[in-house]
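In our numbering, the protein residues as written are 1 to 174.
We put the CB at the ideal spot given by N, CA and C, even for glycine.
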Amino acid sequence: MKLYRYVGPNDLRELVSSENCGTPIQRREDILNWLKSNRSKIPYYDDVMTTFIINTDGLLCLADRHSEHLVCAFGGAVLSAGEMRFLMTGDQVEVIEVTNQSTGYCPEPESWPTVAQALDQLGLSHPNGFSHEFVFRRCLNCQAINIIKEKWFFCAICTSPLSQFWNLDEITLV
Ligand SMILES: [Zn+2]
């Protein structure tokens, strides 16, 4: 399994603290408790979007959807990261949407099995793959992180050609 280390802006590292890091979900009850406490902010909806990471132990960790993935991961490396939407019906909970949208870690669509495994361990039903797959590339000319759309492998900032391969941790100094 591939580990993704943080590749986003360095100033966000100052936000990392033990108080606001993601909640590791060890058991099914943890998720219900977490969702219920989070839901209290929006009492009429049972549909909760979260920020998630899969930590290096393969555990799902959740944080408020406005949290940075770096903060959710307590500054560490991850197996995957993105957004996860839960649907609660009474005490039943299921995952209805998952994406790998994290510009802090830029995990590949291929990191899905680590997400599925974490959710299976919790006995949660979930989609068969990312609901939307994000493909990230770093421009080695201007360093910008690009999201590839329609197989257009050119930098949106400086129009340089982008690698066909995941290269987010390659940083060349200009
Ligand atoms: Zn560029």
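Give the DSSP-derived three-state secondary structure of residue i in the structure shown.
i, result
"His-132", "strand"
"Ser-102", "coil"
"Leu-173", "Only weak support exists for where Leu-173 lies, its pLDDT of 45 falling under 50; the value from the coordinates is given anyway. In the structure shown, Leu-173 sits in coil (DSSP, three-state: anything other than H, G, I, E or B)."
"Asn-20", "coil"
"Arg-85", "strand"
"Ser-80", "strand"
"Gln-117", "helix"
"Asp-47", "strand"
"Cys-157", "Sequence inspection shows Ile at residue 157; the Cys mentioned does not correspond to that position. Looking at Ile-157 - three-state DSSP - the assignment turns out to be coil, as it is neither helix nor strand."
"Asp-57", "coil"
Would you decide whether residue i is buried or exposed? Buried here means 16 or more other CB atoms lie within 10 Å of its CB.
i, result
"Ile-31", "buried"
"Trp-34", "buried"
"Met-84", "buried"
"Arg-137", "buried"
"Leu-119", "buried"
"Leu-168", "buried"
"Glu-170", "exposed"
"Thr-56", "exposed"
"Leu-3", "exposed"
Please check the pair residue i and residue j, which I expect to be a contact at CB under 8 Å, by giving their CB distance rounded to whole angstroms.
i, j, result
"Val-98", "Ser-67", "Incorrect: roughly 16 Å between the Cβ atoms, too far for contact."
As a quick exercise: from the options, pick the residue whose alpha carbon is nearest that of residue i.
i, options, result
"Tyr-105", "Phe-154, Leu-124, Trp-112, Gly-82", "Gly-82"
"Ile-53", "Trp-166, Gly-90, Ile-25", "Ile-25"
"Cys-158", "Glu-150, Thr-103, Lys-149, Leu-140", "Leu-140"
"Glu-19", "Lys-2, Ala-63, Thr-103", "Ala-63"
"Cys-186", "Cys-21, Tyr-4, Asp-91", "Because the chain in this structure spans residues 1 to 174, residue 186 falls outside the shown range and cannot be described."
"Val-16", "Thr-50, Ala-73, Leu-87", "Ala-73"
"Phe-86", "Ser-163, Tyr-4, Leu-124", "Leu-124"
"Val-71", "Val-135, Leu-162, Pro-9", "Pro-9"
"Val-7", "Cys-155, Ser-102, Asn-38, Asn-128", "Ser-102"
"Ala-156", "Thr-89, Gln-143, Asn-100", "Gln-143"
"Asp-11", "Thr-51, Glu-29, Gly-75", "Gly-75"
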